[in-house]
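The listed protein sequences correspond, in order, to chains A and B. Just so you know, the working numbering puts 433 at position 406 of the first sequence, and the rest follows in order with no gaps. Just so you know, the working numbering puts 663 at position 419 of the second sequence, and the rest follows in order with no gaps. Just below is one structure, and these are the notes that go with it.
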Amino acid sequence: MIDDTIAAVATALGEGGIGIIRLSGEQSLAIADKVFRGSRTSSVNEIPSYHAAYGKAIDPQTEEVIDEVLILVMRGPRSYTREDVVEIHCHGGLVSMKSILQAVIRCGARLAEPGEFTKRAFLNGRLDLSQAEAVIDVIRAKTDVSLKLAVNQLDGRLSHEIFLIRQEILSMIAHLEAVIDFPEEDIEQVTVDNVALTVHHVSVALDKLLSTAQAGRILRDGLQAVIIGKPNVGKSSLLNALLREQRAIVTDIPGTTRDVIEEFVNIGGIPLKLADTAGIRDTDDIVEKMGVDRAIEFLLKSDLVLVILDASMPLSNDDKEILMRLSGRPAMVVVNKTDLPRKLNIEDIRKYCKDNVIVFISVINDDGINKLEQAIVDFVYSGEIVAPDAAFVHNVRHIELLEQARQHINDVQLTIDSAMPIDCMVIDLRLALDKLGRISGETIGEDIINEIFSRFCIGK
Amino acid sequence: MLVAGSYDVIVIGAGHAGCEAALAAARLGCNTLIATLSLDNIALMPCNPSVGGPAKGHLVREIDALGGEMGINIDNACIQIRMLNTGKGPAVHALRAQADKNSYHRLMKWTLENQQMLHVQQIMVDKIVINNHEVCGIVSETGEFFEAKCVIIATGTYLRGKIVYGDVAYAGGPNGLRSANEFSGSLLESGVELMRFKTGTPARVDRRTLDFSKMIIQPGDDQAYNFSFMTETCTREQVPCWLTYTNEQTHKIIMDNLNRSPLFSGVIEGVGPRYCPSIESKVVRFADKNAHQVFIEPEGLDTNEMYVQGMSSSLPADVQYSFLRTIKGMEDVRIMRYGYAIEYDCVNPLQLKPTLEFKCISGLFSAGQSNGSSGYEEAAAQGLVAGINAALCVKHQPPFILSRSDAYIGVLIDDLVTKGTNEPYRMMTSRAEYRLVLRQDNADLRLTEKGRQLGLVSDDRYQKFSQKRDLLDSAISTLKSRLITPTDEVQTKLKLMESAEIRTGISLYDLLRRPEISYEGLCRHFSAPAVPLLVREQVEIAAKYEGYIQKQTGQIERAAKLEEKKLPEFIDYQQVRELSVEAREKLSQIRPLSIGQASRISGVSPADISILMIYIEQLRRRSEKEDK
Chain A
28 MIDDTIAAVA TALGEGGIGI IRLSGEQSLA IADKVFRGSR TSSVNEIPSY
78 HAAYGKAIDP QTEEVIDEVL ILVMRGPRSY TREDVVEIHC HGGLVSMKSI
128 LQAVIRCGAR LAEPGEFTKR AFLNGRLDLS QAEAVIDVIR AKTDVSLKLA
178 VNQLDGRLSH EIFLIRQEIL SMIAHLEAVI DFPEEDIEQV TVDNVALTVH
228 HVSVALDKLL STAQAGRILR DGLQAVIIGK PNVGKSSLLN ALLREQRAIV
278 TDIPGTTRDV IEEFVNIGGI PLKLADTAGI RDTDDIVEKM GVDRAIEFLL
328 KSDLVLVILD ASMPLSNDDK EILMRLSGRP AMVVVNKTDL PRKLNIEDIR
378 KYCKDNVIVF ISVINDDGIN KLEQAIVDFV YSGEIVAPDA AFVHNVRHIE
428 LLEQARQHIN DVQLTIDSAM PIDCMVIDLR LALDKLGRIS GETIGEDIIN
478 EIFSRFCIGK
Chain B
245 MLVAGSYDVI VIGAGHAGCE AALAAARLGC NTLIATLSLD NIALMPCNPS
295 VGGPAKGHLV REIDALGGEM GINIDNACIQ IRMLNTGKGP AVHALRAQAD
345 KNSYHRLMKW TLENQQMLHV QQIMVDKIVI NNHEVCGIVS ETGEFFEAKC
395 VIIATGTYLR GKIVYGDVAY AGGPNGLRSA NEFSGSLLES GVELMRFKTG
445 TPARVDRRTL DFSKMIIQPG DDQAYNFSFM TETCTREQVP CWLTYTNEQT
495 HKIIMDNLNR SPLFSGVIEG VGPRYCPSIE SKVVRFADKN AHQVFIEPEG
545 LDTNEMYVQG MSSSLPADVQ YSFLRTIKGM EDVRIMRYGY AIEYDCVNPL
595 QLKPTLEFKC ISGLFSAGQS NGSSGYEEAA AQGLVAGINA ALCVKHQPPF
645 ILSRSDAYIG VLIDDLVTKG TNEPYRMMTS RAEYRLVLRQ DNADLRLTEK
695 GRQLGLVSDD RYQKFSQKRD LLDSAISTLK SRLITPTDEV QTKLKLMESA
745 EIRTGISLYD LLRRPEISYE GLCRHFSAPA VPLLVREQVE IAAKYEGYIQ
795 KQTGQIERAA KLEEKKLPEF IDYQQVRELS VEAREKLSQI RPLSIGQASR
845 ISGVSPADIS ILMIYIEQLR RRSEKEDK
């Protein structure tokens with residue numbers, strides 16, 4: 028199953044100026060040779076590793092030229108998959124990419140399954156688990172920040188954070204084990220307070236990593252946001268203002284129902300799936316009621332709710348209906364029309380939602396839009412982890428393992444609380460260490476014993 | 245060539261490994277010869293005069309539970325006993341005894357001499373005879389040939405042994421004994437890979453020249469514990485050990501004379517153990533410590549020799565004198581034997597199967613310090629397993645392998661044959677991942693049934709064991725079935741036991757989970773069935789640690805799945821090209837029996853394991869296809 032040569036388009040279809048078709052496997056060079064006519068080189072085999080050659084891609088059956096291409100050769104094991112890898116860089120059009128792909132498949136390559144290059148890299152020992160998974164996320168990355176995030180993880184930034192946490196646990200285990208295995212040695216005794224302190228540190232560190240999990244997911248999949256407000260409050264203008272700012276990368280995503288429009292915008296590098304609850308405008312009572320219901324439905328399922336209020340009018344019953352439900356929800360209050368004389372009482376808003384952020388804007392004067400964008404960015408990073416180069420967890424498996432490690436650390440605390448002996452504490456400390464090790468594919472080996480001997484003077 | 249004898253099993257060496265191996269083979273009905281360099285070094289304790297401690301004590305209990313000899317022997321030669329680590333959890337309680345070295349030797353020699361089917365003889369073995377990858381016997385220095393179906397190497401530190409201290413260096417075994425200088429060459433010729441290790445021992449000093457009033461007394465425990473499940477000794481006369489400390493003066497003398505140490509000058513090439521460093525290594529590596537512990541331990545009752553634990557050294561004689569005399573209470577010390585380092589050849593254990601038989605030479609086994617381990621207990625444990633498997637091999641019966649979840653013995657041997665070792669290997673509780681189930685108190689419950697099936701457990705041992713197991717089972721079921729309800733009477737009793745009131749009815753077993761409730765209390769207040777102390781202890785552990793024990797049994801079950809995925813013996817790992825080069829080499833060398841064992845080999849990555857799993861799945865599917 029790992030003997031054959033696989034091929035796939037490595038860049039996103041329909042995007043960008045350059046398209047790459049990647050081949051990996053024993054036959055990569057031979058297959059590429061059949062579809063490539065170099066202007067100077069006669070054979071792909073002659074191209075040195077990490078060198079590119081210019082030429083034309085042809086259909087081997089008809090000898091017709093498909094596209095002008097650059098061909099790049101990376102021989103295994105010094106390649107991404109540790110197999111022979113060839114990349115054919117062509118003009119990014121869908122037709123030429125598809126034609127070249129079909130040509131190489133006709134010459135003996137097999138269309139790669141999703142993620143198969145990474146899987147091979149992983150199976151060939153090229154990547155550890157977290158790196159392999161990060162690569163998958165690279166493919167899915169939608170925006171610059173997401174890409175940076177994925178690249179960071181490739182660098183092992185997450186691995187590093189986890190390494191630090193593991194190190195603290197390891198150090199505590201080593202101390203406990205030294206005390207157990209060498210009871211008559213002159214080793215400083217471990218007090219329960221020592222263990223409790225480590226447990227506290229590790230809990231905080233794990234919680235911090237877990238708190239980035241949400242941000243990580245948002246960065247990859249887009250933040251589900253909704254704009255809610257009564258008619259004429261300026262929802263559409265706000266939407267347009269946000270769209271205008273980001274016009275270049277907006278993608279239209281058709282709404283699932285006629286009355287909900289979802290737009291895809293990029294705010295400070297965060298992909299925002301913005302839903303405008305159209306259709307609430309009807310004045311008929313029943314429909315009005317339905318509109319509020321619909322708003323509430325969105326309010327409950329969105330990652331971010333932007334409630335728009337009119338600064339020039341006192342709080343209406345509809346406003347209150349919505350505000351009442353904001354407590355505990357990820358919501359922001361946007362007060363529009365600050366250019367008009369203020370009739371809205373801020374105290375009144377605070378009665379309903381005392382903790383939510385309130386941003387003042389005037390869409391007409393293009394005033395406060397930047398502040399709103401910043402508020403959204405801050406919101407995503409929970410206000411405390413703004414640095415986009417921090418480690419983010421955005422992979423379901425990692426989150427699960429982190430949560431399991433967290434649970435074991437909790438169990439250590441329970442062991443301490445129920446006055447059980449230190450041997451019992453070691454059990455869950457070891458399990459936590461193991462769970463964290465699985466994120467980067469490391470397992471507990473000699474490291475505990477090495478740690479014991481490097482730290483303690485032990486011996487008869 | 246003169247054929248001097250023909251045996252089922254020949255054991256080379258009568259140290260702690262050799263004794264257990266020979267006894268096990270003979271007890272399993274094999275005609276056995278034990279060959280020793282000197283009848284006077286049978287079961288010699290050439291280093292510390294003690295047996296047991298964390299993990300080591302566990303090994304002794306396991307050896308005993310399987311029908312081995314070490315537990316009984318130390319119980320009879322014991323001059324002080326302590327239970328260490330009380331208060332750190334039941335799994336790490338560790339029994340440690342001081343031994344009268346001479347008694348230990350004499351008692352074991354007597355046992356060997358009187359064992360049926362066992363012949364004890366003083367022989368210097370020069371050669372191993374191997375024909376077509378099969379062992380045939382041994383040749384002694386006298387030129388005699390001893391024929392055997394199986395041979396067990398248990399040569400300890402005697403192979404090309406070299407004693408070094410200061411400028412003194414000579415070929416020899418411990419304690420002035422001869423070294424075996426020809427046998428290594430014979431092994432090498434047979435394709436066996438050898439390693440060179442080193443260990444050391446401190447000086448022995450004259451009891452009369454020590455001032456104990458300046459030291460801290462270390463008495464034994466009041467309660468008389470025993471290693472063997474068979475021993476019923478409840479009182480024992482004990483002698484104390486003594487504690488004193490090195491000081492900056494001691495360290496200065498050592499530092500000033502480092503250039504005279506063969507360790508630092510490069511005369512010693514062997515790899516020494518990290519956990520048993522010489523005092524010079526300790527002073528160098530932990531320079532910020534201004535005092536190290538020194539334990540003074542008696543070598544026996546009828547000798548003035550005292551063992552100076554913590555002061556192992558290969559510095560010259562005059563330096564040993566100078567630094568010892570800086571220590572409190574040792575100002576006028578007279579040395580009776582100098583400390584020394586010893587270098588020796590040992591077998592790279594990666595060449596062995598988990599039965600301790602060589603993969604490439606059938607019928608040849610190796611056990612003990614000659615496998616790169618250290619410690620009397622580690623040696624004895626391997627000796628027992630090698631002896632059992634040699635006997636099974638003679639009888640063409642399936643091998644006996646203990647898993648990592650069965651016993652410390654399983655952990656020890658799996659570590660040696662799977663990971664190998666680059667220093668003398670010592671057993672530690674932290675090496676056992678399922679420590680809470682591998683307790684020293686339940687070694688019999690874990691292993692005696694297995695020993696019985698093998699035929700090593702005698703009728704009276706088995707009867708005693710069965711009785712204990714039955715009492716335990718019935719005590720637990722009684723406690724589980726007996727319910728108490730929140731009546732005034734019950735609440736009053738709980739108050740007497742300093743325990744909180746109950747709100748609903750609970751079983752006595754659940755009540756026992758409370759830290760402050762003891763089985764004894766349940767007997768007194770709730771008339772729980774009276775059972776012996778050892779049973780009581782088991783019931784309490786089962787109740788109080790149930791949650792943790794379940795956690796570990798869960799882990800064991802998951803790990804067992806990987807152990808069950810067997811790797812066929814015929815796999816040519818060099819042909820599995822997707823494996824990393826290192827993994828290919830390691831797997832070819834070690835030839836693990838299962839995916840589980842493969843995953844513990846260093847240098848075999850999780851990616852390699854995935855590939856192996858995919859590979860054996862492919863093999864399986866292919867052979868299925870062919871069958872159709």
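Virtual Cβ for every residue (Gly too), placed ideally from N, Cα, C. Every value quoted in this text rests on a predicted model; they were computed, and no experiment measured them.
- Hey, could you find the ends of the alpha helix (DSSP H) K955 (chain B) is sitting in? Here chain B has residues from 245 to 872 only, and residue 955 (chain B) is not among them.
- Is the beta carbon of E264 (chain B) less than 8 Å from the beta carbon of L628 (chain B)? Working through the second sequence from its first residue, we reach residue 264 (chain B) at position 20. Working through the second sequence from its first residue, we reach residue 628 (chain B) at position 384. A contact, by the Cβ cut-off of 8 Å.
- Can you check whether the CB of K262 (chain A) is closer than 8 Å to the CB of D345 (chain A)? Translated into positions along the first sequence, residue 345 (chain A) becomes position 318. Translated into positions along the first sequence, residue 262 (chain A) becomes position 235. Their beta carbons are not under 8 Å apart, which means D345 (chain A) does not touch K262 (chain A) by this criterion.
- Mind listing the chain B neighbours of D213 (chain A)? Cutoff is C-beta to C-beta under 9 Å, in chain order. As a position in the first sequence, residue 213 (chain A) is number 186, starting the count at 1. By Cβ distance, chain B contributes Y489, K533, A535, H536 and Q537.
- Query: Hey, does R675 (chain B) have any beta-carbon neighbour from chain A nearer than 8 Å?
  - Reply: The residue labelled residue 675 (chain B) in the question sits at position 431 within the second sequence. It does; some Cβ of chain A falls within 8 Å.
- Message: For Y519 (chain B), which residues in the same chain have their Cβ closer than 7 Å to its Cβ, ignoring the five residues on either side in sequence?
- Response: Counting from 1 along the second sequence, the entry for residue 519 (chain B) is found at position 275. R670.
- Query: Who are the neighbours of G331 (chain B) on chain A, taking C-beta pairs under 7 Å?
  - Reply: The count along the second sequence starts at 1 and reaches residue 331 (chain B) at position 87. Near G331 (chain B) (Cβ distances below 7 Å), the residues of chain A are P448.
- Message: Contact between the stretch 396 to 406 of chain B and the stretch 561 to 571 of chain B is defined here as three or more beta-carbon pairs at a separation below 8 Å; is this criterion met?
- Response: no
- Query: Taking 8 Å as the CB-CB cut-off, is I476 (chain A) touching chain B?
  - Reply: The residue given as residue 476 (chain A) occupies position 449 in the first sequence. Yes, I476 (chain A) lies at the interface with chain B (some Cβ there is under 8 Å from its Cβ).
- Message: Is the separation between the beta-carbon of Q360 (chain B) and that of A270 (chain B) shorter than 8 Å?
- Response: Taking the first residue of the second sequence as 1, we reach residue 360 (chain B) at position 116. Taking the first residue of the second sequence as 1, we reach residue 270 (chain B) at position 26. Closer than 8 Å, so yes.
- Query: Which same chain residues, not among the five before or five after V62 (chain A), have their C-beta less than 7 Å away from its C-beta?
  - Reply: Residue numbering aside, residue 62 (chain A) sits at position 35 when the first sequence is read from its first letter. Counting only Cβ-Cβ distances below 7 Å, and skipping sequence neighbours, we find A84, I85, P87, I127, A130, V131 and C134.
- Query: Given that M672 (chain B) touches chain A, what residues does it touch there, using C-beta distances under 9 Å?
  - Reply: Start at 1 with the first residue of the second sequence, and residue 672 (chain B) comes out as number 428. Within chain A, the residues near M672 (chain B) are E204, I207, D208, F209, I476 and I479.
- Proximal residues of chain A, C-beta to C-beta of L328 (chain B) below 9 Å: Numbered from 1 along the second sequence, position 84 holds the residue referred to as residue 328 (chain B). Under the 9 Å cutoff, chain A gives P210 and E211.
- DSSP state of P542 (chain B), grouped into three classes? Mapped onto the second sequence, residue 542 (chain B) falls at position 298. Reduced to three states, the DSSP call for P542 (chain B) is strand.
- Message: For a cutoff of 8 Å on Cβ pairs, would you count I454 (chain A) as touching chain B?
- Response: Numbered from 1 along the first sequence, position 427 holds the residue referred to as residue 454 (chain A). It does: the Cβ of I454 (chain A) has a partner Cβ on chain B nearer than 8 Å.
- Message: Given a cut-off of 8 Å on the beta-carbon distance, is the pair E524 (chain B) and L502 (chain B) in contact?
- Response: For the purposes of this step, residue 524 (chain B) is taken as residue 280 along the second sequence, with counting starting at 1. For the purposes of this step, residue 502 (chain B) is taken as residue 258 along the second sequence, with counting starting at 1. Contact: yes.
- Task: For Y469 (chain B), name the three-state secondary structure that DSSP assigns.
- Result: Mapped onto the second sequence, residue 469 (chain B) falls at position 225. If DSSP states are grouped into helix, strand and coil, Y469 (chain B) belongs with coil.
- Query: Is C117 (chain A) close to chain B, meaning its C-beta is less than 8 Å from at least one C-beta of that chain?
  - Reply: Along the first sequence, one-based indexing puts residue 117 (chain A) at 90. With 8 Å as the cut-off, C117 (chain A) does not count as an interface residue toward chain B.
- Query: So the alpha helix (DSSP H) E95 (chain A) belongs to, where does it begin and stop?
  - Reply: By 1-based counting over the first sequence, the position of residue 95 (chain A) is 68. E95 (chain A) -> not in any alpha helix (DSSP H); beta strand (DSSP E) instead, spanning E91 to M101.
- For V629 (chain B), the first and last residue of its enclosing alpha helix (DSSP H): Residue numbering aside, residue 629 (chain B) sits at position 385 when the second sequence is read from its first letter. It spans Y620 to V638 - the alpha helix (DSSP H) in which V629 (chain B) sits, taken as one unbroken run.
- Can you tell me the Cα-Cα spacing of V229 (chain A) and Q794 (chain B), whole angstroms? Counted from its first residue, the first sequence places residue 229 (chain A) at position 202. Counted from its first residue, the second sequence places residue 794 (chain B) at position 550. Approximately 25 Å between the Cα atoms of the pair.
- Query: With distances taken from CA atoms, which of B:M459, B:L656 and B:A585 is nearest G612 (chain B)?
  - Reply: Here residue 612 (chain B) is taken as the residue at index 368 of the second sequence, counted from 1. Here the closest residue by C-alpha is B:L656.
- Message: Which of the three DSSP states is assigned to V436 (chain B) in this structure?
- Response: Here the question's residue 436 (chain B) lines up with position 192 in the second sequence. V436 (chain B): coil per DSSP, three-state reduction.
- Query: For a contact meaning CB atoms closer than 7 Å, what does V336 (chain B) contact in chain A?
  - Reply: Here residue 336 (chain B) refers to the residue found at position 92 of the second sequence. By Cβ distance, chain A contributes I207 and D450.
- Nearest-angstrom Cα distance between A57 (chain A) and V112 (chain A)? Here the question's residue 57 (chain A) lines up with position 30 in the first sequence. Here the question's residue 112 (chain A) lines up with position 85 in the first sequence. Approximately 11 Å between the Cα atoms of the pair.
- Please list, in chain order, all residues of the same chain as R758 (chain B) whose beta carbon is under 6 Å from its beta carbon, the five residues on each side excluded. The residue labelled residue 758 (chain B) in the question sits at position 514 within the second sequence. Closer than 6 Å at the Cβ level, and outside the excluded window around R758 (chain B), lie S743.
- Tell me the DSSP bridge mates of R340 (chain B)? Start at 1 with the first residue of the second sequence, and residue 340 (chain B) comes out as number 96. B:G296 and B:R326, per the DSSP bridge assignment.
- Message: Quick check on E601 (chain B): does DSSP put it in helix, strand or coil?
- Response: Within the second sequence, numbered from 1, the residue matching residue 601 (chain B) stands at position 357. Looking at E601 (chain B) - three-state DSSP - the assignment turns out to be strand.
- Query: Who are the near neighbours of L399 (chain A) in its chain, counting only those whose CB is closer than 7 Å to its CB and skipping five residues on each side?
  - Reply: Taking the first residue of the first sequence as position 1, residue 399 (chain A) is located at position 372. Around L399 (chain A), the same chain offers V361, V386 and I388 as residues with beta carbons nearer than 7 Å, after the five sequence neighbours per side are excluded.
- Query: If you measure beta-carbon to beta-carbon, which residues of the stretch 549 to 582 of chain B are closer than 8 Å to chain A?
  - Reply: Q553, G554 and S556
- Task: From the DSSP output, read off the bridge partner residues of R369 (chain A).
- Result: For this step, residue 369 (chain A) is matched to residue 342 along the first sequence. In the DSSP secondary-structure assignment, R369 (chain A) is not bridged to any residue.
- Item | Straight-line gap, A772 (chain B) to C478 (chain B) (C-alpha atoms, nearest Å) | What you label residue 772 (chain B) is simply residue 528 of the second sequence in a count that begins at 1. What you label residue 478 (chain B) is simply residue 234 of the second sequence in a count that begins at 1. Each residue's alpha carbon lies about 25 Å from the other.
- State yes or no: is the C-beta of L487 (chain B) within less than 8 Å of the C-beta of F539 (chain B)? Here the question's residue 487 (chain B) lines up with position 243 in the second sequence. Here the question's residue 539 (chain B) lines up with position 295 in the second sequence. For L487 (chain B) and F539 (chain B), yes; Cβs fall inside 8 Å.
- Query: Quick one, which of B:F390, B:I316 and B:I728 has its alpha-carbon nearest M474 (chain B)'s?
  - Reply: Translated into the one-based positions of the second sequence, residue 474 (chain B) becomes position 230. Nearest C-alpha to M474 (chain B): B:I316.
- Item | Same chain, Cβ closer than 6 Å to L831 (chain B), neighbours up to 5 away in sequence not counted | The residue you call residue 831 (chain B) lines up with position 587 of the second sequence. Correct list, in chain order: Y817.
- Check each candidate in B:R835, B:F456, B:L646 and B:I286 and name the one with the smallest Cα separation from E813 (chain B). Here residue 813 (chain B) refers to the residue found at position 569 of the second sequence. Nearest of B:R835, B:F456, B:L646 and B:I286 to E813 (chain B), Cα basis: B:R835.
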